[in-house]
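Undergrad: Here it is, the structure in full.
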Amino acid sequence: MNRTNIEWDRHFAALADEIIRLREPGEETLCSLSAEQSDFIRFNAAKVRQIGVVQQGRLTLRLISGERHAYSTLTLSGSSEQDLAEATQTLRTLRASLRDTGDDPHLLFDRSSWQRTTFRTGRLPQVEALVRTVAECAAGLDFVGFYAGGSVLEGFASSTGSRGWYQVSNFNFSWSLYDANGRAIKTAYAGDDWDDAVFAQKLGQAARRLEYFSQSPKVLTPGSYRAYFAPDAMRELIGMMGYEGFSAREQATARSPLYKLNSGALHLDPRISVAEDLDLGLTPAFNEDGYLRESVSLVTLGRGTGQLTSARSAREFGLQPNGANAREMATSLAMAGGALPEADVLAALGTGLYVGNLWYLNVSDRTQCRLTGMTRFATFWVEDGQISSPVDAMRFDDSLYRLLGSEIEHLTETPELMLEDSTWGQRRTGGMQLPGMVVRSFELTL
Amino acid sequence: MLDKLKRIAASFSTDAHFWSIRLVDESIQNHEVRNDIVQPLHTSRDHGAMVIAHSDGGAGYAATSDLSAAGLQAALDMATARARASAAYSLIDFAKVPVVPGHGEYTSPSWSIDLPGRGAWLELLAQECAGAALGERIIERAASVQITHSSHSYLSSDGAQIEQHFRFVMPNMAVTAHADGDTQVRTLAGSNAMQQGGIEILKYFGFADSGRRLAEEALQLLAAPNCPAGIRDLLLMPDQMMLQIHESIGHPLELDRILGDERNFAGWSFVTPEMFGTYRYGSELLNVTFDPSAEGEAASYAFDDDGTRAEKQYLIRNGMLERPLGGALSQARAGMQGVANSRASSWNRAPIDRMANLNIEPGTSSLEQMIGGIERGILMRSNVSWSIDDRRNKFQFGCEFGQLIENGQLTQVVKNPNYRGVSASFWRSLAAVGDASTFGTYGTPFCGKGEPMQVVRVGHASPACVFKDVEVFGGGV
Chain A
251 MNRTNIEWDR HFAALADEII RLREPGEETL CSLSAEQSDF IRFNAAKVRQ
301 IGVVQQGRLT LRLISGERHA YSTLTLSGSS EQDLAEATQT LRTLRASLRD
351 TGDDPHLLFD RSSWQRTTFR TGRLPQVEAL VRTVAECAAG LDFVGFYAGG
401 SVLEGFASST GSRGWYQVSN FNFSWSLYDA NGRAIKTAYA GDDWDDAVFA
451 QKLGQAARRL EYFSQSPKVL TPGSYRAYFA PDAMRELIGM MGYEGFSARE
501 QATARSPLYK LNSGALHLDP RISVAEDLDL GLTPAFNEDG YLRESVSLVT
551 LGRGTGQLTS ARSAREFGLQ PNGANAREMA TSLAMAGGAL PEADVLAALG
601 TGLYVGNLWY LNVSDRTQCR LTGMTRFATF WVEDGQISSP VDAMRFDDSL
651 YRLLGSEIEH LTETPELMLE DSTWGQRRTG GMQLPGMVVR SFELTL
Chain B
16 MLDKLKRIAA SFSTDAHFWS IRLVDESIQN HEVRNDIVQP LHTSRDHGAM
66 VIAHSDGGAG YAATSDLSAA GLQAALDMAT ARARASAAYS LIDFAKVPVV
116 PGHGEYTSPS WSIDLPGRGA WLELLAQECA GAALGERIIE RAASVQITHS
166 SHSYLSSDGA QIEQHFRFVM PNMAVTAHAD GDTQVRTLAG SNAMQQGGIE
216 ILKYFGFADS GRRLAEEALQ LLAAPNCPAG IRDLLLMPDQ MMLQIHESIG
266 HPLELDRILG DERNFAGWSF VTPEMFGTYR YGSELLNVTF DPSAEGEAAS
316 YAFDDDGTRA EKQYLIRNGM LERPLGGALS QARAGMQGVA NSRASSWNRA
366 PIDRMANLNI EPGTSSLEQM IGGIERGILM RSNVSWSIDD RRNKFQFGCE
416 FGQLIENGQL TQVVKNPNYR GVSASFWRSL AAVGDASTFG TYGTPFCGKG
466 EPMQVVRVGH ASPACVFKDV EVFGGGV
């Protein structure tokens, strides 16, 4: 980490300026940056299993000449001289490759000029203090968890004059507390400003919930059960749809698990409204094609009303681009709440399954939007509005059309904001804001 | 690169009692033709180094893309500082972890033989894409190949010097058919056609004419009934066996998972340390090996990312559980023998216990014998859906293609074939293992695990296998 304090904004701007200057007549360039400076700590048995720091930045350089284009992604070292040399060589290579490339009938990028900047600093814990705090607060607990904190940066610069910068410093700490029988409560503490007292309070609350596991588990057999899905469980259900259900490309090629909803062949309960909501401020407001991202109403009053449309899909299928990323995955889903106060959830459920978390979902029948997956972590049996016993992990296989359609009984009043915790490749931006949901029946299969 | 690293390391200033540097330099080329249109070229090059330091009994890491002498020294300082900061709270006393320094090299098969240029690839892909155009019900055809060159150099303070060069080739063909509100997709081996080597890999996976063949099958599935529900004998072809092995043998045998490291994310295991040596995992026909020496398989290598020399080992022999998937560190923690499987996805992630090549050894049955021995069953091929619980026990998997077996004969093709079961009992129902003629070798770059998350390449080779009395079912609500 020689360059521990890389000023990524200046470094990226200087690289982009030089790349733009190196254009030849008729060429346009689009540059995108993804970078992070992150601390990672894994805990097992309330002790440190792995601790480290990752600094990385990747530049994606796109060269466009007429209707031809090509991309290349390269790692940045933080050295102006070295990175510029590599970017210059990459530009030459891309230029040479275009000579052997035909016109791309689906090429589309934004030629306008805009400026957007988000810069949010946070107050993050010092890792030395954090490991001590965890050891003190989790003493006597089987605590296993993961802290990820630091800066996440996304940048864009085009030769048409657009510049975007998104830089936030934040943390996401999730942990699971296990009891002697191997059952667990999972909790997360995420945000911009760390507070030892808040962490201790959340940990204490989670520890007290372990008492629910003191009863013998209720053995469920496959069948239909009333159920409440906490927002964390909803994140898995709705998140699966965010993966490809709202993609314009998947819809146009009839592979979307929400194909029937999006094409108007069926509708959900009118209380269901879902949007890709940029106003949550969780993601950059621009994409790699140079478009400013828009909030998109995906489901309105139970009817499919929009999809996430990338520039390429827009040109291919005759649609309007709305700033979706190339894979047309949702990054900032928000679902409208209902009328059920959170305090009344157990009473509304009555007798049934309280599902705190779901795990490992996958589509089991694309056409019917049927999903399979497992219950995990805090899942309990509720009798007459009271948590009565834990439930061992159960498999479900059910249609989201049914759960969000004929079976829905209540949505909770105040949707909960949950920050994205993915670290595939690097820490991700985004998140979801979702309510809890009570359904009349939920199909358990194994 | 190793020589450059050695020169830099010679000037390191540190009081860490152990350090290692692992440098990864990886380039990827993607070529694709979709609906007869050449997709834009996308290449990438990713390079950087992971420095690990042990000090005061703690361990820390620092990942950097600054490969200058100053950059690597700074990374070493940072890793050492993290080791010290956590030493008093470390789960493991790293001062007591034995390290065996490895020396050697590895190179993928056909490494020195050049691959075709982009023009030749596109011609090949365009041919398959065009071959899949079998009418208006075929709504998408995509032919692609991904070529990855990855060089890894490893150097440590105790004298390890390792250089490994890999080349992965991953062809794919995906055809989507749609009519009357239904959609069916067929792909080349469930999109798991990956090996190390050269152009010969395309022939191995039957890429030539795959466009037409998969399009015909997709149309056949559109016209087919849903897979019936019920209890049937299940004949899994190797491109589904790979997923079955991966999820319900590979993950549960990862020793770091058994030791609880993954409980906050990827999960725990129904396997406990006491079960090794005494537990019957499957029928006597089940023989499972960890084999990093398999020629050209996706996760073949000579050393893992902790510098341990890799060798073939039996994990399950004649159905009995023998050995976990645990690298040197996990072996020391658990006091058990394991394998050389401490692996990282790239330079920016620290090694943990991973699968590599995890294979089922061939048996003695021909495919005809296996089909002929089934009175009421189903053949399934090409994985499309997978889900398993956090202890790796209750699973549900789906395939692209199913075909019923009645009275020893393949009969009706069925769509949306799924099956579910429990790992602990499923493998005991293994009733027949195919011979070498039924054997297939597959790979995927998408095995996920770890915090921070990592996806690594794994290979799985298997014959076709028959399981008795499995719950199968199809689509619909």
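Protein sequence lines correspond, in order, to chains A and B. Heads up, the first sequence is in our numbering, so the first residue is 251 and it goes up one at a time. Heads up, the second sequence is in our numbering, so the first residue is 16 and it goes up one at a time. Beta carbons: idealized from backbone N, C-alpha and C, even for Gly. Quick caveat, the model's predicted, so the values are computed rather than measured.
Quick one: which chain A residues come within Cβ less than 7 Å of Ser171(B)?
TA: Going along chain A, no residue has its Cβ under 7 Å from Ser171(B), so there is no contact; the nearest lies around 17 Å.
Undergrad: Which stretch, first to last residue, makes up the beta strand (DSSP E) that contains Arg626(A)?
TA: Segment Arg620 to Glu633, the beta strand (DSSP E) holding Arg626(A).
Undergrad: How would you call Ala476(B), buried or exposed, if buried means at least 16 neighbouring beta carbons within 10 angstroms?
TA: Per the 10 Å Cβ criterion, buried.
Undergrad: Could you check the C-alpha separation between Leu518(A) and Glu262(B) for me, to the nearest Å?
TA: Using only the alpha carbons, I get a separation of about 34 Å.
Undergrad: Ordered along the chain, which non-local residues of its own chain (more than five positions away) have a Cβ less than 6 Å from that of Gly655(A)?
TA: Answer for Gly655(A): Leu518 and Asp519, listed in chain order.
Undergrad: Within 8 Å (strictly less), CB to CB, does Tyr294(B) reach chain A?
TA: Not closer than 8 Å to any Cβ of chain A, the Cβ of Tyr294(B) fails to qualify, so no.
Undergrad: According to DSSP, what are the bridge partners of Lys21(B)?
TA: Looking at the DSSP assignment, Lys21(B) forms no beta bridge with any residue, so it has no partner.
Undergrad: Looking at the structure shown, is Asp197(B) part of a helix, part of a strand, or coil, going by DSSP?
TA: Looking at Asp197(B) - three-state DSSP - the assignment turns out to be strand.
Undergrad: Can you pull the chain A residues whose beta carbon is under 7 Å from the beta carbon of Gln255(B), in chain order?
TA: Near Gln255(B) there are no residues of chain A at all, since even the closest Cβ is about 14 Å away, more than 7 Å.
Undergrad: Classify Pro685(A) as buried or exposed, calling it buried when 16 or more other Cβ atoms lie within 10 Å of its own Cβ.
TA: So Pro685(A) counts as buried.
Undergrad: Can you tell me whether Glu201(A) is helix, strand or coil according to DSSP?
TA: Coverage of chain A is limited to positions 251 through 696, which leaves residue 201(A) absent and any answer about it impossible.
Undergrad: In the stretch 38-69 of chain B, which residues sit with their C-beta less than 7 Å from some C-beta in chain A, listed in chain order?
TA: Listed in sequence order: Ile52, Val53, Pro55, Leu56, His57, Thr58, Ser59, Arg60, Asp61, His62 and Gly63.
Undergrad: Could you tell me which chain A residues have their CB closer than 8 Å to the CB of Trp283(B), listed as they occur along the chain?
TA: Going along chain A in sequence order, the residues near Trp283(B) (Cβ under 8 Å) are Gly432.
Undergrad: Between the Cα of Gly405(A) and the Cα atoms of Asn537(A), Leu603(A), Val394(A) and Ser523(A), which residue gives the shortest distance?
TA: Among Asn537(A), Leu603(A), Val394(A) and Ser523(A), the Cα nearest to that of Gly405(A) belongs to Asn537(A).
Undergrad: Quick one, which residues of the stretch 466-480 of chain B are near chain A if we go by CB-CB under 9 Å, in chain order?
TA: Cβ contacts with chain A: Glu466, Pro467, Met468, Gln469 and Val470.
Undergrad: Kindly say whether Ser80(B), judged by its beta-carbon, lies nearer than 8 Å to any beta-carbon of chain A.
TA: Yes, because at least one Cβ of chain A sits closer than 8 Å to the Cβ of Ser80(B).
Undergrad: Cβ closer than 7 Å: which chain A residues qualify as neighbours of Glu155(B)?
TA: Within 7 Å Cβ-Cβ: Thr503.
Undergrad: Any chance you could list the beta strand (DSSP E) runs of at least 3 consecutive residues sitting entirely within the stretch 381-460 of chain A, in chain order?
TA: 392-408, 413-428 and 434-441, all fully within the stretch 381-460 of chain A.
Undergrad: Should Leu548(A) and Glu526(A) be called a contact, given that it needs their Cβ atoms to be closer than 8 Å?
TA: Yes, Cβ-Cβ distance for Leu548(A) and Glu526(A) is below 8 Å.
Undergrad: Mind checking whether Arg201(B) and Ala233(B) have CB atoms under 8 Å apart?
TA: Contact flag set, yes.
Undergrad: Scan the stretch 64-125 of chain B and note each continuous beta strand (DSSP E) run of 3 residues or more that stays entirely inside, going in chain order.
TA: If we require 3 residues or more, the beta strand (DSSP E) runs fully inside the stretch 64-125 of chain B come out as 73-79 and 118-122.
Undergrad: Note down the Cα distance separating Leu309(A) from Arg60(B), rounded to an integer number of angstroms.
TA: Near 10 Å, if we compare the C-alpha coordinates of Arg60(B) and Leu309(A).
Undergrad: Would you mind stating whether Arg443(B) and Ser298(B) have Cβ atoms separated by less than 8 Å?
TA: Yes, these two residues count as a Cβ contact at 8 Å.
Undergrad: So Gly635(A) and Leu667(A) are supposed to be a Cβ contact under 8 Å. How far apart are they, rounded?
TA: Rounded, the Cβ-Cβ distance is 27 Å, inconsistent with contact.
Undergrad: Could you check where the alpha helix (DSSP H) with Gln142(B) kicks off and where it finishes?
TA: Run containing Gln142(B): Arg133 to Gly146, per the alpha helix (DSSP H) assignment.
Undergrad: Counting C-beta neighbours from all protein chains within 10 Å, is the total for Trp34(B) 16 or more, i.e. buried, or is it exposed?
TA: Result: buried.
Undergrad: When the Cα atoms are used, what is the spatial distance from Arg677(A) to Glu151(B)?
TA: Cα-Cα distance, rounded: 42 Å.
Undergrad: Give the DSSP-derived three-state secondary structure of Thr453(B) in the structure shown.
TA: Helix, per DSSP.
Undergrad: What's the C-alpha gap between Leu250(B) and Gly387(B)?
TA: Cα to Cα, the separation comes out at about 11 Å.
Undergrad: So with Cβ pairs under 8 Å, would you call Lys468(A) a contact of chain B?
TA: Not closer than 8 Å to any Cβ of chain B, the Cβ of Lys468(A) fails to qualify, so no.
Undergrad: Mind reading off the beta-carbon distance from Gly342(B) to Gly353(B)? Whole number of angstroms is fine, and I expect it under 8 Å.
TA: So it is a contact: roughly 6 Å between Cβ atoms.
Undergrad: Tell me which same chain residues have a C-beta within less than 7 Å of the C-beta of Leu130(B), skipping the five on either side of it?
TA: So the list reads Ile162, Gly213 and Ile214, once near-sequence residues are dropped.
Undergrad: Sort Thr191(B), Arg247(B), Thr293(B) and Ser206(B) by Cα distance to Ser506(A) and report the nearest one.
TA: With distances taken between Cα atoms, Ser506(A) lies closest to Thr191(B).
Undergrad: Which value, in whole angstroms, describes the spacing of the CA atoms of Ala479(B) and Asp71(B)?
TA: About 51 Å.
Undergrad: Leaving out five residues on either side along the sequence, give the residues of the same chain with a beta carbon under 8 Å from the beta carbon of Gln255(B).
TA: The answer, listed in chain order, is Gly205, Met395, Arg396, Ser397, Asn398, Phe412 and Cys414.
Undergrad: List the residues of chain A that Ser35(B) touches, going by C-beta distances under 8 Å, in chain order.
TA: Residues of chain A passing the Cβ test: none, with the nearest at roughly 13 Å.
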